[in-house]
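In full-length UniProt numbering, the protein residues as written are 1 to 547.
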């Protein structure tokens, strides 16, 4: 392949910089398989440059979208100082842009938030970073990370810190090294401390206010945990976990060091163990089996004396089998699919409990655990009644059903668990004349997190419900986004429909691959003699598969 300066791959004009060690590239239209290593390297670099420039365009568009929403808001409600709306009814233009981009670009809420924040910062506060981004020097994600990190730097020192950070990033990239996020944080912190030592100390104190721990259940029975802790506290936790793991390893435990460290962490949250999964002498791990549940909606696990519950109360622990820190019973929903030819499934609202393994452990280790079993009919609308449709308040049974159906917030890109969402009427309920407004019925109710509930209430998008929980969002720009529920109840309905379809196909298509006529009845087969003689019809048998 002949590579010439001035154009990029397949005739597209590009402009490279010395950060890639190349001038502009021109590549003629040739199959990649026919190129040598040198040409392939240049093609890859040219494509990387195009990707970086596309990222610059996305960042610019995100910033302009914020400005557009701000202008629309001012045109409708006046300047910020003259806006008479209450504070809770005012939507931040940046938040509106994040919600819009999450749906328009199929992004997670986290990515949309960082894209908008970076776009605004780069085009309002960070001219050096903007120049580097527009020249294609920085990969999009690195530019986003840098801009979001610099967003917390005060205006009086931002110029110096930005200059240090951009110089370090471009120098590393020119040498073929992409800085990690940790290296970026170190560069920003060092520059901030150099330009404002007192402010750097205040930033450390402010960062402690952002400490958090998050859990994310996975499908294989495991859960990921992410913690953001002050360094001193994290070091104490690390030392305790490592010490317990080393002690267990010294006693000859066959588990790996990673497994022992994980077990040591879990032991910190289990009141019935010492360090590494060793039951306390007065709390055997499994000294009895659970007794049969009494009939009714609420069952109490058997096999443990009331003294255990009293001991838990005296120790300040929640009863086993209840949500940790609350006396509310565990709510277990059984989706009744047996009448549809499928086994019943035990489910609970996404985010309500950690996992099925945790739930089973709670039930088996019992105490005075209370469990509420509810049998759910998967057919849509079974909880709807004419009387309830005209009442604004949603019954607990219907609310549980909506959360089981949706699984999470229904706004595109949002992953807030249904347990932490609010339930909203898609078509607004009319409090003055309920018969003229949206009914309190399953098809008209969806889960929305607090932010997206406010967006729906005070924003300018249109929302349209569907009979099975579908939700269509029509944005101010005229784009339509169609979402479907993905919770346990919706998945059960999909399985039932799939099972019915396969049953229908089984009746419709005979073993020879032809359609039965009529459906469900074996078609009349015609046998052909080996000698090629006349064909005699085979008498039809009873419905079903031929023997």
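The C-beta atom is built at its ideal place from N, Cα and C for all residues, glycine as well.
Since this is a predicted model, take the numbers as computed values, not measurements.
Just so you know, the alpha carbons of residue 98 and residue 70 end up roughly 13 Å apart. Rounded to the nearest whole angstrom, the C-alpha separation of residue 87 and residue 66 is 19 Å. The Cβ atoms of residue 448 and residue 394 do not sit closer than 9 Å to each other. In the structure shown, residue 474 falls within a strand segment according to DSSP collapsed to helix, strand and coil. Inter-segment contact for the region 50–59 and the region 132–151 is present: three or more beta-carbon pairs are separated by less than 8 Å. Checking the DSSP bridge columns, you'll see residue 483 partnered with 471. Residue pairing by DSSP places residue 225 opposite 215 in a beta bridge.
Collapsing the DSSP output to three states places residue 495 in a helix.
Distance from the Cα of residue 419 is smallest, within the candidate group 430, 193, 404, 428, for 404. When 152, 168, 238 are compared, the shortest CA-CA separation from residue 202 is found for 152. The beta-carbon distance between residue 438 and residue 426, rounded to whole angstroms, is 6 Å. This is short enough to meet the 8 Å contact definition. Taking C-beta atoms as the reference points, residue 240 and residue 229 fail to come closer than 9 Å. For the pair residue 196 and residue 204, the Cα-to-Cα distance works out to about 13 Å.
Residue pairing by DSSP places residue 464 opposite 472 in a beta bridge. Counting along the chain, residue 42 sits inside the alpha helix (DSSP H) bounded by residues 37–77.
Looking at the DSSP output, residue 417 bridges to 408. Residue environment for residue 410: buried (at least 16 other C-beta atoms within 10 angstroms of its C-beta).
For residue 270, no pairing in a beta bridge is given by DSSP.
In the three-state scheme derived from DSSP, where H, G and I count as helix and E and B as strand, residue 394 is classed as coil. DSSP places residue 425 in no alpha helix (DSSP H) but in the uninterrupted beta strand (DSSP E) bounded by 422–425. Under the DSSP definition of a beta bridge, residue 509 partners with 515. About 17 Å separates the beta carbon of residue 384 from that of residue 470, a gap too long to meet the 8 Å contact definition. The C-alpha of residue 198 is placed about 25 Å away from the C-alpha of residue 129. In terms of CA proximity to residue 379, 495 leads the group 495, 463, 451.
Membership of residue 32 in any alpha helix (DSSP H) is not indicated, and neither H nor E is assigned to it by DSSP.
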